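Engineer: Each number in the working numbering corresponds to the 1-based position in the sequence shown with 439 added.
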Amino acid sequence: MDILNILGSRRSIGLFVERIDDHVVALSILPGNHTIYTSTIEISTIQKLENEDALSTLTLEFIQTLSSRSGTVSYIILTCVEPSQLATYIAIVSRDVDSIRREPEIVCSLITTLSQGNITCKIISSDATIRMVLQCLNVSSAINRILQYLKRGSGNSATPVQHPVPLIPRFKALDADEYKYLLEVFSRGRIRIGYLYSNPNIAVALSDDHILRHIAIVGSTGSGKSTTASILVQ
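1. For glutamine 503, which residues from the same chain have a beta carbon less than 7 Å from its beta carbon, with the 5 sequence-adjacent residues on both sides left out?
2. Measure the alpha-carbon distance for isoleucine 654 versus isoleucine 475 and round it to whole angstroms.
3. Proline 639: buried (16+ other C-beta within 10 angstroms of its C-beta) or exposed?
4. Would you mind reading off the limits of the beta strand (DSSP E) that contains arginine 631?
5. Among the residues of its own chain, which have a CB less than 7 Å from the CB of lysine 664, if the five just before and after it don't count?
6. In this structure, does DSSP put arginine 458 in helix, strand or coil?
7. Shortest alpha-carbon distance to isoleucine 529 belongs to which of Leu505, Gln555, Gly628?
8. Around the C-beta of glutamate 623, are 16 or more other C-beta atoms found within 10 angstroms, so that it is buried, or is it exposed?
9. Pop quiz: isoleucine 558 and threonine 484 are said to be a contact at Cβ under 8 Å. What is the actual Cβ separation, rounded to whole angstroms?
10. With a threshold of 6 Å on Cβ separation, who are the neighbours of phenylalanine 455 within its own chain once the five nearest residues in sequence on each side are excluded?
11. For tyrosine 476, list the residues DSSP reports as bridge partners.
12. When you compare the CB positions of valine 512 and serine 533, do they come within less than 8 Å of one another, or not?
13. Quick one: what does DSSP say alanine 567 is sitting in, helix, strand or coil?
14. Would DSSP call serine 669 helix, strand or coil?
15. Exposed or buried, what is tyrosine 514 when buried is set at 16 or more other beta-carbons lying within 10 Å of its beta-carbon?
16. Per DSSP, what kind of secondary structure is alanine 581 in: helix, strand or coil?
17. Whole angstroms is fine: what's the gap from alanine 642's alpha carbon to methionine 571's?
18. Can you tell me which of Asp616, Ile569, Ser646 puts its alpha carbon nearest to the alpha carbon of arginine 629?
19. With DSSP run on the structure shown, which of helix, strand or coil describes alanine 655?
20. If you check the beta carbons only, do isoleucine 569 and histidine 462 fall under 8 Å apart?
21. How is serine 662 classed by DSSP in three states: helix, strand or coil?
22. Applying the criterion that 16 or more other CB atoms from any shown protein chain within 10 Å of the CB defines a buried residue, is valine 464 buried or exposed?
23. Select from Ser478, Ala615, Glu500, Ala668 the residue whose C-alpha is nearest the C-alpha of leucine 553.
24. Residues bridged to valine 512 by DSSP?
25. Taking only the alpha-carbon atoms, compute the straight-line gap between isoleucine 517 and aspartate 648 and give it to the nearest angstrom.
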């Protein structure tokens, strides 16, 4: 049975993810023993730009430019929205593992050049790629994206989607022990100034002792430094 018929049918299928090397992951589809390979790059911008819509449109133009230069490789834009972060990736997909090993460096070079340095590109590890697939895609959406890739050239066209390009640096999600520590620290305070962005159930409060000392309020542009200062003064 053809792979498109397998994925499009109502039969139960298996999707297996395997780490090939530091940057390449294999996706094996059963039944049929079909395998495609992928390597993933993360894109971001180092400064906030006035026209963010133009930046996300430029990202789609990158994909069109890249797709026109290769008949054996396809590119998928993935945006993962989580409580603690926003991340946009370009998954490079092919049935040829050697093409996947070569392509990430070429893609990053083209993106940096075409964006005139406004967009940075980082090749992520195969372990990070697997985590991204598990966290950002459920089984249904993963299969749909694979179907879109495999149908390339068959007359099917996808509707353009705007993908935001986040600022860097971002911060990793906290684990349970780190949340427990923060809860213990903030629960000692009596002056509530807000809540933890990644977990609204944890209130951020300062103790009286903190107010008697100097306080540094650090954050990116528009993150609420002035608002925080006014709350503390009150």
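All C-beta atoms, glycine included, are put in the ideal place defined by N, C-alpha and C.
Owing to the predicted nature of the structure, the values given are computational and were not obtained by experimental measurement.
Structural biologist: The structure says:
1. none
2. 53 Å
3. exposed
4. 630 to 635
5. Ile656, Gly658
6. In the three-state DSSP reduction, arginine 458 falls in the strand class (E or B).
7. It is Leu505 whose Cα lies nearest to the Cα of isoleucine 529.
8. It counts as exposed.
9. Taking C-beta atoms under 8 Å as the contact rule, isoleucine 558 and threonine 484 qualify, at a distance of about 6 Å.
10. Ser467
11. Ala465, Ser533
12. Yes, these two residues count as a Cβ contact at 8 Å.
13. Here alanine 567 sits in helix by DSSP.
14. helix
15. buried
16. Low per-residue confidence applies at alanine 581: pLDDT is 49, beneath 50, and the placement is therefore not dependable, though the value from the model is reported in the following sentence. It is helical.
17. 29 Å
18. Ser646
19. coil
20. no
21. coil
22. Counting Cβ neighbours within 10 Å, valine 464 comes out buried, since at least 16 surround it.
23. Glu500
24. Ser533
25. Checking the displayed sequence, the identity of residue 517 turns out to be leucine instead of isoleucine. Taking the straight line joining both Cα atoms gives about 46 Å.
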